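Undergrad: Under our numbering, the first residue of the sequence shown carries the number 19, and numbering increases by one thereafter.
Have a look at this one.
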Amino acid sequence: MSAILEREIKLRFDGPEAARTAVLGIGAAPLRSRRLQDDTLVDTENGLLRQRRSALRVRIESGRSLVTLKGPVQELSVMKLREELETPVGDGALLLRIFEAVGFGVRFRYQKYREEFTVGEVIIAIDETPVGTFVEIEGGDRGIAATAEALGRGPSDYVIESYRALFLRHCEREGLNQTDMLFEED
């Protein structure tokens, strides 16, 4: 299990190729290849975790599963800063069934294709989502700011909202009545 203070921002890009060109252009090295992440947020029926500004997520990707507890976002910075507790689990689908059996239901499911890179002391992820392409930068304050600047972006470009918040705003703007952020099946 790992417990860390997660610090991150997202930057919006026009598409995955533009993001990849920019990331490689600053000298980032590939870390993990592109893969589908299928994330599920669970909570009690009355939204206890949401009321506490926390989230419990089960991630399934490439035959692996992780469970993550994200604490409340700290309001001290233009960057998103929160405690994150994460550990691998053997069977994410079974864990979701266990959560449901003890009173935690699925509240939101979202998918993204993620490809990861590293430069300096930061991890850069290119996230292709149904609502757009984002470059997520995770690391220390200085590393995040320097990487964003190298990508031609400043603090006014930082996106610190969750993918759920971005999805809800997208649905409102487009007049959509969807509950989950999923790719359309072919």
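Heads up, the beta-carbon is just placed ideally off N, CA and C, and yes, glycines get one too.
Note that the coordinates shown come from a computational prediction; the quantities given were computed from them, not determined experimentally.
Using the beta-carbon count (16 or more within 10 Å), is Ala60 buried or exposed?
TA: The question names Ala, but residue 60 is Val in the sequence shown. The residue is buried, with at least 16 neighbouring Cβ atoms inside 10 Å.
Undergrad: For the 8 Å Cβ check, are there 3 or more pairs between the stretch 188-197 and the stretch 159-166?
TA: no
Undergrad: In the DSSP output, which residue or residues are listed as bridge partners for Pro148?
TA: In DSSP, Pro148 forms no bridge with anything.
Undergrad: Whole angstroms are fine: how far does the CA of Ile44 sit from the CA of Arg176?
TA: Note on residue identity: the sequence assigns Tyr, not Arg, to residue 176. Looking at the two C-alpha atoms, the distance is approximately 18 Å.
Undergrad: Would DSSP call Gly81 helix, strand or coil?
TA: coil
Undergrad: Beta carbon of Phe135, beta carbon of Ala46: below 8 Å?
TA: Taking 8 Å as the cut-off, the beta carbon of Phe135 is found closer than this to the beta carbon of Ala46.
Undergrad: Give the C-beta separation of Arg53 and Arg125 to the nearest angstrom, bearing in mind that I take them to be a contact with Cβ-Cβ under 8 Å.
TA: Arg53 to Arg125, Cβ: 24 Å. No contact.
Undergrad: Is the Cβ-Cβ distance between Ser83 and Asp109 less than 8 Å?
TA: yes
Undergrad: For Ile162 versus Thr151, is the C-beta spacing smaller than 8 Å?
TA: Taking 8 Å as the cut-off, the Cβ atoms of Ile162 and Thr151 do not count as close.
Undergrad: Between Leu87, Ile142 and Pro34, which lies nearest to Pro106 when the distance is taken from Cα to Cα?
TA: Shortest Cα-Cα distance from Pro106 to any of Leu87, Ile142 and Pro34 involves Leu87.
Undergrad: Is it buried or exposed, Asp32, if we count other Cβ atoms within 10 angstroms and call 16 or more buried?
TA: exposed
Undergrad: Taking only three categories from DSSP, how would you classify Phe117?
TA: helix
Undergrad: Do Val91 and Leu103 have their CB atoms nearer than 8 Å?
TA: no
Undergrad: Would you kindly work out how many angstroms separate the C-alpha atoms of Lys28 and Arg182, rounded to a whole number?
TA: Distance between the alpha carbons of Lys28 and Arg182: 13 Å.
Undergrad: Determine, for Asp56, whether the minimum Cβ-Cβ distance to residues of chain B falls below 8 Å.
TA: Reference to chain B is not applicable here, since this structure consists of a single protein chain.
Undergrad: Straight-line CA distance for Pro34 to Val96?
TA: 25 Å
Undergrad: Taking just the CA atoms, how far does Glu154 sit from Glu203?
TA: Glu203 and Glu154 have their C-alpha atoms some 25 Å from each other.
Undergrad: May I ask you to report which of helix, strand or coil DSSP gives Asp109?
TA: Reduced to three states, the DSSP call for Asp109 is coil.
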